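Enquirer:
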Amino acid sequence: ISNHLVTAGSGHIKFWKMVNTFTGLKLLGQLGRFVKTEISNVIGIFSMANEKDGNGGMWLADMDISTNVKPVRRLAKFHGGVITSLQSSPIGYFIATTSLDGWLHIYDVTNKKLVFIHDFKIPITSSIWLPQKIACSRDIFIVGFQTGVVRIVTVPFKKKTLNHSELEEIQSSKPHKSSVSYLSLNNSAKILICGGDDKTIFVYKIKTGPIKLSPIGFFPLPGKVTFIHWKPSEKDIALISCTSGHIVEVKVPTSRPSYTRESFLLKLESRAIQTVSIKSEICQRQYELDFKNKKINRKKENLKIIREQNPGVEIDEELYFEDSEEDEKPPRPEIFIPPTPNPILFAMYTPSESGIWVSIDGYDAGYLYEYDLNTSSPVTNAHILIPDMNDIPLTAIKIV
């Protein structure tokens, strides 16, 4: 833990923080106490980040040293790593979350309870809760892992609370050499695209009765996959967002082509957009607009004072508000272009489907930019700044 120090020994434990003072950095200490428990000799300590259990839990422990010590009890269970997906139930008020700690959690939203947990013991990177039209009244998940593996599992969480022994694996497949970064079903729930950190997408056909993933093939991309969005009016066209700053529109087959008998490599119709950084231009225009508005407001205040001091005097407002050289503009912000394109956080079609809305990470974060699919360039003055989010990355979660 940064800027944090703990000392302990003979009859004491003390917590220190590094603080800035006018004479420089100093340590500020605070003596540790455990309610009514007497301070004894401390032989070992371990500091947990954010004051939490590293495995995702909050525990109640009896610190009283006696023969009738109560057993340690877990008060709550949380994820012990980054949450990588959030899925809503297609039929009830439940949500499922996965994490790099390898756990799947299912929550009853109505009763605010954790009702199912399962430890896959492998970092989970993505998941999909399948819709009922193909799950046939069962709770079926497609789960992607850091190892490049994709699994289909059935979760009977409504039968027994917090029981993780009955999870049933239906199928396992390995479409990627590295982490599965994104999973997405098309609108008819018949095609699955898996995006990976190996800079490829793998396309599956979903068969039912019983449910099964039938491989169609893979397609290389310019960067790691960060997001997949299907075209609302089409069942086989999708936008793929990449860490390289590219957005690729692909038309995927709905069945395996005959030419893939020797290799799963697909020959797809595609077009790519390489995003460009325009944030500094937007900031420059906004700076000029703000400066102009401040200047006008200042002149309005001055005009009000002049009229109060000179009643009856006619003033030509048009001439008064004309720009003058008395107020020189300070230097404008310089145009900055990042040396390498920033990763795309997500890209999705506009309602007309003639353009796309794009969120970009890094320097370009905080805005939604519109791109024209026909010209592959940003649309002039077509951007949205989320209030108070000028430099905060904007992400998206699809909830059906």
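First residue of the sequence shown: 1, per UniProt numbering; consecutive thereafter. We put the CB at the ideal spot given by N, CA and C, even for glycine. Just so we're clear, the structure is a prediction, and the values are computed from it rather than from any experiment.
Exposed or buried, what is residue 41 when buried is set at 16 or more other beta-carbons lying within 10 Å of its beta-carbon?
Expert: Classification of residue 41: exposed, given that the 10 Å Cβ count is below 16.
Enquirer: Going by C-alpha distance, which of 249, 140, 314 and 286 is nearest residue 268?
Expert: Cα-wise, what sits closest to residue 268 is 249.
Enquirer: For residue 8, does the three-state DSSP call read helix, strand or coil?
Expert: Residue 8 falls in the strand class under three-state DSSP.
Enquirer: If we ignore side chains and look at the alpha-carbon of each, how far apart do residue 343 and residue 394 end up?
Expert: Straight-line Cα distance between these residues: approximately 12 angstroms.
Enquirer: In whole angstroms, give me the CA-to-CA distance for residue 20 and residue 27.
Expert: Cα to Cα, residue 20 sits roughly 9 angstroms from residue 27.
Enquirer: What separation, rounded to the nearest whole angstrom, lies between the Cα atoms of residue 205 and residue 259?
Expert: Residue 205 and residue 259: Cα-Cα distance of roughly 17 angstroms.
Enquirer: Would you mind stating whether residue 119 and residue 129 have Cβ atoms separated by less than 8 angstroms?
Expert: The answer is no: Cβ separation not under 8 angstroms.
Enquirer: Using alpha carbons as the reference points, say which of 150, 146, 135 and 10 lies closest to residue 156.
Expert: Here the closest residue by C-alpha is 135.
Enquirer: Would DSSP call residue 354 helix, strand or coil?
Expert: Looking at residue 354 - three-state DSSP - the assignment turns out to be coil, as it is neither helix nor strand.
Enquirer: For a quick check, are the C-beta atoms of residue 214 and residue 227 less than 8 angstroms apart?
Expert: Contact flag unset, no.
Enquirer: Looking at the unbroken alpha helix (DSSP H) that takes in residue 184, where does it start and where does it end?
Expert: Note, residue 184: premise wrong, no alpha helix (DSSP H); beta strand (DSSP E) at 180-185.
Enquirer: Among 133, 166, 117 and 170, which one has its Cα closest to the Cα of residue 142?
Expert: Minimum Cα distance to residue 142 is reached at 170.
Enquirer: Going by the DSSP bridge assignment, what does residue 107 pair with across the sheet?
Expert: BP columns for residue 107 point to 95 and 114.
Enquirer: Starting from residue 241, follow the beta strand (DSSP E) in both directions and report where the run begins and ends.
Expert: Taken as a continuous stretch (DSSP letters only), the beta strand (DSSP E) holding residue 241 covers 237-242.
Enquirer: Are the CB atoms of residue 411 and residue 17 nearer to each other than 8 angstroms?
Expert: Outside the shown range of the chain, which is 1 to 400, sits residue 411, and nothing can be said about it.
Enquirer: Could you check the C-alpha separation between residue 131 and residue 298 for me, to the nearest Å?
Expert: Rounded to whole angstroms, residue 131 to residue 298 spans 59 angstroms at the Cα level.
Enquirer: For the alpha helix (DSSP H) containing residue 371, name the first residue and the last one.
Expert: No alpha helix (DSSP H) contains residue 371, which is instead part of the beta strand (DSSP E) from 367-372.
Enquirer: Applying the 10 Å Cβ sphere with the 16-neighbour rule, what's the burial state of residue 87?
Expert: Answer is buried; the Cβ neighbour count reaches 16.
Enquirer: Are the stretch 348-360 and the stretch 232-247 touching, with three or more C-beta to C-beta distances below 8 angstroms?
Expert: The stretch 348-360 vs the stretch 232-247: in contact.
Enquirer: Should residue 144 and residue 178 be called a contact, given that it needs their Cβ atoms to be closer than 8 angstroms?
Expert: No, these two residues do not count as a Cβ contact at 8 angstroms.
Enquirer: For the alpha helix (DSSP H) that contains residue 295, what are its first and last residues?
Expert: Unbroken alpha helix (DSSP H) run through residue 295: 279-309.
Enquirer: Based on DSSP bridge pairs, tell me the residues matched to residue 403.
Expert: Lying outside 1 to 400, the shown extent of the chain, residue 403 is not represented and no answer is given.
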